[in-house]
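Asker:
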Amino acid sequence: MDKYIDWLTGFGYLRLQSWQMMTFYLVLAFILLGVRVIAFAKYIYPHIVKENEVNRAIHGQVRSDLNLLDKIGIILFLLLGFSVGPFF
275 MDKYIDWLTG FGYLRLQSWQ MMTFYLVLAF ILLGVRVIAF AKYIYPHIVK
325 ENEVNRAIHG QVRSDLNLLD KIGIILFLLL GFSVGPFF
């Protein structure tokens with residue numbers, strides 16, 4: 275694993291010392307991601323829903339200017355960033 279990480283990064287300071295450390299960082303990343311999702315769902319999302327309801331009451335149904343190909347392009351760009359981004 276160390277040789278692969280050295281080949282991948284070329285930087286010694288990015289080398290993980292043990293599998294326990296790598297497991298710790300992965301678990302920590304998932305915990306922090308869960309905290310972000312919970313915080314968004316509990317505190318931010320209700321305000322977005324209220325704001326959209328007010329806008330819908332004033333202006334009616336708001337249509338998106340993006341067509342299907344634009345939406346697919348954005349989704350593919352995000353997937354590419356999540357999958358390849360950590361290696362750069």
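Quick note, the working numbering runs 274 ahead of the 1-based positions in the sequence shown.
Ideal placement from N, C-alpha and C gives every residue a C-beta, glycine not left out.
All of these numbers come straight from a predicted model, not from anything done at the bench.
1. Sort I348, S338 and D276 by Cα distance to Q291 and report the nearest one.
2. Span of the alpha helix (DSSP H) holding G308?
3. Looking at the structure shown, is K337 part of a helix, part of a strand, or coil, going by DSSP?
4. Got a sec, what are the start and stop residues for the alpha helix (DSSP H) I348 sits in?
Answerer: The answer reads as follows:
1. Counting from 1 along the sequence shown, the entry for residue 291 is found at position 17. Ranking the options by Cα distance to Q291, first place goes to D276.
2. Here the question's residue 308 lines up with position 34 in the sequence shown. For G308, the uninterrupted alpha helix (DSSP H) run begins and ends at W293 to A313, by DSSP.
3. Here residue 337 refers to the residue found at position 63 of the sequence shown. First, the amino acid is wrong: residue 337 is Arg here, not Lys. Coil at R337, not helix or strand.
4. As a position in the sequence shown, residue 348 is number 74, starting the count at 1. Its alpha helix (DSSP H) spans residues L342 to V358.
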